[in-house]
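Trainee: Structure in structure tokens, see below.
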RNA sequence: GUCCCCAUCGUCUAGUCUGGUCCAGGACACAGGCCUUUCACGCCUGCGACAGGGGUUCAAAUCCCCUUGGGGACGCCA
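Below you can see the structure in the form of structure tokens.
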């Protein structure tokens with residue numbers, strides 16, 4: 000029987016969840032779902048200096064919002080430090096590692112030297128060759144030391160078959176005796192991470208390609224510890240439009256998951272967008288339901304080349320990657336209304352214009368209205384900005400609409416009240432009846448129906464664009480329409 | 001500087017392993033058109049790429065080599 004798949008997402012809590020991390024989490028999650036395996040969330044918080052509680056919460060919130068679920072309570076790497084230290088001790092005893100008494104200053108100097116001479120930057124092995132006597136002397140005088148892994152000498156190489164990149168080979172001579180324990184006794188990431196993966200029984204390490212260079216070192220640790228090695232799948236990185244790796248420091252919130260949440264993205268739409276950044280199916284399918292995506296997912300579909308997150312700073316039309324917006328718009332417009340309702344509600348609550356009747360008495364009307372106006376929207380936030388006139392009497396009038404559809408036609412000063420009277424007089428406020436009123440009036444006054452229609456749209460919704468006017472009138476309702484038309488003459492004052 | 005990785009439309013990509021069906025397909029963006037009371041949606045059309053050079057082969061986006069370009073790693077960070 001095949002071993003159960005166990006994967007992990009192991010972020011270091013030094014900031015918010017950004018799209019690179021989210022993408023890694025999503026691929027791991029998808030792989031776990033696809034294989035019926037488990038996903039572990041492991042917070043790598045051993046850098047006490049930079050790890051914060053706030054950041055942990057931010058990452059958890061971000062993952063939850065995206066819908067990425069994990070299978071056990073989050074693990075905290077800091078709880079297992081003793082295990083890492085013990086592992087280092089074993090490595091020391093088995094001769095796979097050694098104490099190095101070189102000081103930081105000496106090492107910095109050697110590194111600088113190597114850089115100057117344009118040679119390889121690599122530890123020279125000074126302490127590897129210390130005689131037992133010399134070691135004893137140094138130990139006796141309580142000199143601080145770090146622990147380095149002893150990389151095999153000779154012509155060999157570490158090699159492994161990456162699930163994405165294929166055969167990767169690194170010669171021993173190109174790997175330095177890397178540090179696994181600091182002089183203060185604390186283990187380093189390269190060790191902790193491997194020890195944790197061994198303990199947690201991780202079967203597949205799915206991580207960014209920036210971890211590729213670490214893999215041979217970790218393989219050496221696995222071997223020295225006598226552990227089975229997991230499979231590795233390195234994912235291509237996400238770069239910015241200048242082809243630099245995206246990072247919190249350089250890009251700010253445009254790469255933060257929470258930013259997209261605040262800007263009115265539907266979580267699944269964002270997942271759909273992110274998953275397409277560096278992964279595809281043979282058919283190049285673009286839109287996936289959750290079930291479809293899990294079904295279609297495969298490590299083989301991960302692209303080897305890095306991809307560009309196409310944010311164009313200062314683009315007046317797109318505040319982020321146009322494709323992300325288009326996918327979001329697609330979901331916003333095509334999902335069953337009931338599915339977007341909760342997100343719309345959240346926006347209303349945030350804006351302080353939520354009315355409990357929207358899910359009581361007015362529920363049907365509420366859903367129909369969302370359905371009516373969403374076709375022109377890209378974000379859930381649009382419902383409270385562009386769509387406020389449908390749900391509240393306090394709505395702004397777009398200056399362009401005012402100018403083009405109202406003020407341009409002096410006659411409306413006279414026509415609006417007439418139209419208001421006639422609409423008010425209607426027994427049946429229906430599409431048919433309202434249309435008759437408008438068209439008859441246009442004939443009577445010998446004006447184009449469009450003038451009345453576009454003027455009414457601007458007066459009733461504050462906007463120059465929107466659904467067909469008779470739908471709008473019905474959605475807004477007879478009383479409000481009449482009131483707004485009458486009030487519109489004040490625009491001419 | 002050393003090592004590792006990568007290279008198809010502006011962007012995301014299919015096709016590369018298993019050469020011919022590819023004068024390279026899809027999506028987004030862009031341009032034009034249809035529809036129309038507005039704006040969208042939708043539909044149609046267009047623009048647009050195999051980084052360059054050598055091989056191998058009857059045949060190369062696909063295989064090999066070189067060049068160029070890009071990315072990543074080289075911490076007592078994770």
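Residue numbers (my numbering): 0 to 492. By construction, the Cβ of each residue, glycine as well, lies at the ideal position given by its N, Cα and C atoms.
Can you round the beta-carbon distance between residue 267 and residue 330 to whole angstroms, since I take them to be within the 8 Å contact cut?
Mentor: That belief holds up - the Cβ atoms of residue 267 and residue 330 are roughly 7 Å apart, short of 8 Å.
Trainee: Could you check the C-alpha separation between residue 419 and residue 474 for me, to the nearest Å?
Mentor: Residue 419 and residue 474: Cα-Cα distance of roughly 16 Å.
Trainee: Can you tell me which residues form a DSSP beta bridge with residue 96?
Mentor: In DSSP, residue 96 forms a bridge with 148.
Trainee: With 16 other CB atoms within 10 Å as the buried threshold, where does residue 494 fall?
Mentor: Examination of residue 494 is not possible in this model, given that the chain is present from 0 through 492 alone.
Trainee: Measure the C-alpha to C-alpha separation of residue 236 and residue 93 and round it to an integer number of angstroms.
Mentor: For residue 236 and residue 93, the distance between alpha carbons rounds to 37 Å.
Trainee: Confirm, please, whether the CB-CB distance from residue 205 to residue 27 is below 8 Å.
Mentor: Yes, these two residues count as a Cβ contact at 8 Å.
Trainee: For residue 202, collect the residues of the same chain with a Cβ closer than 8 Å to its Cβ; drop the 5 residues on either side in sequence, then sort them by chain order.
Mentor: The residues are 2, 3, 4, 5, 6, 36, 229 and 230.
Trainee: Pull up the CB-CB distance for residue 305 and residue 211, whole angstroms please, since I reckon it's below 8 Å.
Mentor: So it is not a contact: roughly 12 Å between Cβ atoms.
Trainee: Going by DSSP in three states, residue 357 sits in which element: helix, strand or coil?
Mentor: Residue 357: helix per DSSP, three-state reduction.
Trainee: Between residue 54 and residue 44, what straight-line distance do the alpha-carbon atoms span, to the nearest angstrom?
Mentor: Taking the straight line joining both Cα atoms gives about 10 Å.
Trainee: Rounded to whole angstroms, what's the CA-CA distance from residue 385 to residue 264? Just pull it up for me.
Mentor: Those two C-alpha atoms are separated by around 16 Å.
Trainee: Could you compute how far the alpha carbon of residue 133 sits from the alpha carbon of residue 181?
Mentor: Distance between the alpha carbons of residue 133 and residue 181 is about 21 Å.
Trainee: Rounded to whole angstroms, what's the CA-CA distance from residue 483 to residue 415? Just pull it up for me.
Mentor: Between residue 483 and residue 415, the C-alpha separation is close to 9 Å.
Trainee: Do three or more CB pairs link the stretch 150-159 to the stretch 170-179 at distances below 8 Å?
Mentor: Short answer: they touch.
Trainee: Quick one: any contact between the stretch 12-25 and the stretch 63-74, if contact means 3 or more CB pairs under 8 Å?
Mentor: Flag = yes, the stretch 12-25 and the stretch 63-74 touch.
Trainee: On a Cα-Cα basis, can you pick out the residue from 176, 19 and 58 that is closest to residue 69?
Mentor: Nearest option by C-alpha distance: 58.
Trainee: If I measure Cβ to Cβ from residue 216 and keep anything under 6 Å in the same chain, skipping five residues before and after, which residues do I get?
Mentor: Cβ neighbours of residue 216 beyond the five flanking positions: 177 and 189.
Trainee: Given this structure, state the Cα-to-Cα distance separating residue 41 from residue 114, to the nearest angstrom.
Mentor: So the alpha carbons of these two residues sit roughly 36 Å apart.
Trainee: Could you spell out where the alpha helix (DSSP H) holding residue 61 opens and where it closes?
Mentor: Residue 61 -> alpha helix (DSSP H) spans 52-65.
Trainee: Going by DSSP in three states, residue 272 sits in which element: helix, strand or coil?
Mentor: In this structure, residue 272 counts as helix in the three-state DSSP scheme.
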